[in-house]
Every structure is written in C-alpha cells, then in structure tokens.
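K.L.:
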Amino acid sequence: MRQKHPLNIKMPETTEDSVLIDKKLAKKMRINICKEVPNEVLSSILMHMGFTQIKKMLLVSKEYLNKIRNCYFLWKNKCEPYGLPFLRSNTEFLSIIRKNKYLKQSWKKGTDERRCCVVTNQTDITQMVSTDKYVISSSDDQTIKIFSYNGIYIRTLIGHLGGVWCFCSDGKYLISGSTDKSIRIWDISTGWTIKVLTGHRSTVRCLKIYEKLIISGSRDSDIRVWNYEGDCLHILSGHSASVRCMDINDKFLLSGSYDGDVILWDYKNGKTIKKMARHSNRVYSVVLGKNYIASGSQDATINLSKIDGVLIAVLRSHRLVVAWLFLVYGIKEELKYEKYIITSGADGLVCKWDIMTGNLIYKISENEQITSMFVICDLLIVSTVYNVKMYDLKSGKFIRFLKKNVSGVYKVIGNDRNIIIGFSEDVTPNIEIISNIVHLNKKIKLTL
C-alpha cells in the first residue's frame, strides 16, 4: 500500500502527476510574509531591499501596504543616509524620506534652482555662515557682511580692529574672533555690539558656541570658555602652539593644535579629559562623534580613535595636509552611530572610509586643492580652487558642476534648501546663493 506524503499530497504516478503535485506543494508551502512573519523579522528582511523593491511589495495588496508602512524599524533605518532626527511615528519617517528623496532628485537634476549673485565689497572672504534668515561673510578687511537669501544686502558689522578670521551664530547673536585678539558678540537684528571679550594674547583662530557658552581657540595656545555676559569661566591650557580647530557636543570639546596634539576636554567644568594620539605635524581638522573622534594633520594622516582615547586606526591615503573631515551616521538598534568618515585636503583627494574596519571605500581625485566640503540630502558637495562639484555620497559618482572655472573658490556651505558659494571673479569677492525652490507640498512621485 502506497504511503501518504506528510503534507497529505497524493504521490505522483506519472510525469503529468508530478507537475500537478509540484504546483499543489508550492501553493501549500507558500508563506504570506505579512501574516506569518513578526514585524522585527519583516523589518530585517526589508532593510536589505531598495526603495524600488519595497514599492513593488506595497502594491501587492492593502494587507502588504499596511504591514510594511507600519514597520517602524524599517523606516527608521531608511532615514539613515539623510542623518535625520529620531521620530516617533512612521508617518513622520515616510514624509521626511519622501521629501529628502525628492530634494535629492531635484538637486541632482538642477531643474528647480534659483540663483542670485552678490558682490560682497570685501577684500576677501575668510569665513561664511548661513542661518535661517541670512548668509554672512567675514573678511580680512575687518568687516562682517549680512545678506538675505535673495541676495539683498542687509548690513555691515564694524568694530574689529583686525581681520575677522572666524565667527559663528545661533541665529540671534553672532560671535566673531579677530586678529585684534578680541571676541565680539553682536545682535544680528540691529548690528550692534553687545559685548567685547578680551583676554587672548594673540589672534582668535577658531570659535564654537553651544547653548549659552562661547569657546574660543587662539594662537596664544589657550582655549577660553565664556558666557554671553562676557565672563571668562575657564581657561583650558594644554596646548603649546596655536589652537587651529575645534569641535563640540553637549559633553565634550575636542581641539587640535599646531603642536600636533589633540585634546578632549570637559569644557563645562574646565578640565582635561584625555590627550588623544598625537600627530607628527600640525593638526588642521578634528571631528567629534558620540563614540569616535578623528583628526587630520599636515602629516597627511587621519587618526581615528574611540572616545576613550584608544587609537583604532591611522588612515593613510592622502599625500598632503588633511583639512576637512565629515562624519556620516547610521542607525543600529535605535542608536545613531558613526558609520563612515569623509576626508579631504590639499592633495585634491576626497576619501570615504568605513569607521568600523578602517577600509577605504572610494577615492575621488581632483586636480586642485580642496577648499571645503559638506553634505546635503545624501549628496557630497566639494569645492576646489576653481570649481564646485556635486557627487553621490554613497558611491562617489560625479553628478554635475555647480560652479566652473572661476578665479578662485573660498568656501562652499549650505543646508537642504540652499548651497552658498564664496568665490572670486577677477579678484572681486562674490557670493552665489543657489536655492532649491521645488514645492514639496505637491504630490510627490518617487520610486518608493
């Protein structure tokens, strides 16, 4: 007597029967992934799919649509490339992802741009900053100029007796540092000086603000912590040469100096936390993450360390000074972490590294020195001496020129909606503001 198959399917007697049973078996073994797979497992599967594949699954049925749209961890993970904030609802995630993808597509094509160019009437541009309302530039001619995003001149801040080499803003106030050794606090809306902070014995080279604290680094080798009332709360002494660069978060300050040292500070209490792995030459760039820190030097290396000071890698690919560092974040188990680091400098190279392995992912070779770089909407914006280019952050693939063949590019900065280029044309400093004017309220058609 013929035995029954465990799935209660009649065993085949002919080839035709075998084909028929294969179909029946396939039907019985088919799994409804949205019904029978837990949300956590479903999210893990979908995380490895692209937006096009996910879109196809959304179109299968309403059941698939509702289940996938409610995969919280999936959409949180898909926010990763944009460095987006942690949100509470899938609706927020989906809305932001759509907008960011649409902005990215719009930036790549360049079809929804409005450009305006202003002559700054300064001798040069030493620094640029953008706020919600304004584009601001400083100069070695002692002035700070404020413009609207439409290119309209607003006002000039005058008061320094030397070149303004650094400044930052919280939107309401502007803090500037100068070769005259002073720091000034300005009211942006009126242009008036609120306070003048004195105490440094040489040029104020770098500035940071966090909450209600001002941190200044000087060529006198000291770092000073101030409040907005003008009181010097702490003097951080530890460097033996000019303080060139700083980065800050809610807990720590990281500083790099021409003495080759990189120091982590508890700036709120005025204490040294740790001296990190030092360089054999001047430090020109530092970046401070939650778990990792990095420093770039004139010795052409990048030191990558854990926040506790343990050196985990020395990244070697550059040939000259590494002047620009940028961290790219990922999301794992609901926590934001440092996933990649982008490095660039005087040798014209832009490198993307995997922080966990120290492996070089890609290298972009320019023919000129890199003057600045930043990231918007998963796009890498790189300025060289004569050009400004756009690349895909993930792959390093060239997309298009934003500015081409000018006399010189000082710097490029921006936000999701604006790219601001400081450049010279026939020795005249200019600022070009490229605004993305695409309407995000209209129906968005995306590969999602």
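Reminder that position 173 of the sequence shown reads as 173 in full-length UniProt numbering, one-by-one numbering, no gaps.
For each residue, glycine too, the CB sits at the ideal point set by N, CA and C.
Because the structure is a prediction, the values reported are computed rather than measured.
1) Is it true that the stretch 368-381 meets the stretch 99-118, where meeting means three or more beta-carbon pairs spaced less than 8 Å apart?
2) Whole beta strand (DSSP E) runs in the UniProt repeat "WD" (236-275) with 3 or more residues, listed along the chain?
3) Hey, R219 and S202 are a contact pair by Cβ (cut 8 Å); roughly how many whole angstroms apart?
4) Starting from I125, follow the alpha helix (DSSP H) in both directions and report where the run begins and ends.
5) By how many angstroms is the C-alpha of H160 removed from the C-alpha of I146?
6) Here's a check: name, in chain order, each residue in its chain whose Cβ is nearer than 8 Å to the Cβ of N249, leaving out the five neighbours to either side.
7) Within this structure, are the beta carbons of Y391 and V409 separated by less than 8 Å?
8) Based on Cα-Cα distance, which residue from H439, R417, N430, L236 lies nearest to T123?
9) Rounded to a whole number of angstroms, what is the C-alpha to C-alpha distance between L233 and I214?
10) Using the three-state DSSP reduction, which class does I45 fall into: helix, strand or coil?
11) Taking R282 and G260 to be in contact with their CB atoms under 8 Å, please state how far apart those CB atoms are, rounded to whole angstroms.
12) Compute the beta-carbon to beta-carbon distance between I433 and Y149, rounded to the nearest angstrom, for a pair I have assumed lies under 8 Å.
13) Tell me the DSSP secondary structure of E63 in three-state form.
14) Around the Cβ of I45, are there at least 16 other Cβ atoms within 10 angstroms (buried) or fewer (exposed)?
15) For I420, collect the residues of the same chain with a Cβ closer than 8 Å to its Cβ; drop the 5 residues on either side in sequence, then sort them by chain order.
16) Ends of the beta strand (DSSP E) at N436?
17) Looking only at C-alpha atoms, which of D231, L320, S297, C206 sits nearest to L253?
18) Is R201 helix, strand or coil when you go by DSSP?
19) Inspect the beta-carbon positions of residue 470 and V322 and report whether they are closer than 8 Å.
20) How long is the line joining the alpha carbons of G422 and D266, rounded to whole angstroms?
21) Under a three-way DSSP split, which group does I188 fall into?
22) Quick check on F167: buried or exposed, where buried means 16 or more other Cβ atoms within 10 Å of its Cβ?
23) What is the DSSP secondary structure of residue 450, reduced to helix, strand or coil?
24) Using the three-state DSSP reduction, which class does K109 fall into: helix, strand or coil?
25) When the Cα of K133 is compared with those of S139, T126, I154, R115, which residue comes out closest?
26) Run through DSSP, which three-state label would L157 get?
27) Express the C-alpha separation of L59 and E366 in angstroms, rounding to a whole number.
28) Identify, in the order they occur along the chain, each residue of the same chain with its Cβ nearer than 7 Å to the Cβ of L320, setting aside the five sequence neighbours on each side.
P.N.:
According to the structure data:
1) yes
2) 243-248, 253-257, 262-266, 271-275
3) 4 Å
4) I125 -> no alpha helix (DSSP H), and no H or E assigned at all.
5) 16 Å
6) Y210, L288, K290
7) no
8) N430
9) 10 Å
10) helix
11) 7 Å
12) 6 Å
13) helix
14) exposed
15) M128, S130, V135, V412, I413, G414, I431, E432, I433, I434
16) 428-436
17) C206
18) coil
19) No information on residue 470 is available, as it lies outside the stretch 1 to 448 that the chain covers here.
20) 35 Å
21) coil
22) buried
23) Nothing can be reported for residue 450, as the shown portion of the chain is limited to 1 through 448.
24) helix
25) I154
26) strand
27) 44 Å
28) A300, G345, A346, D347
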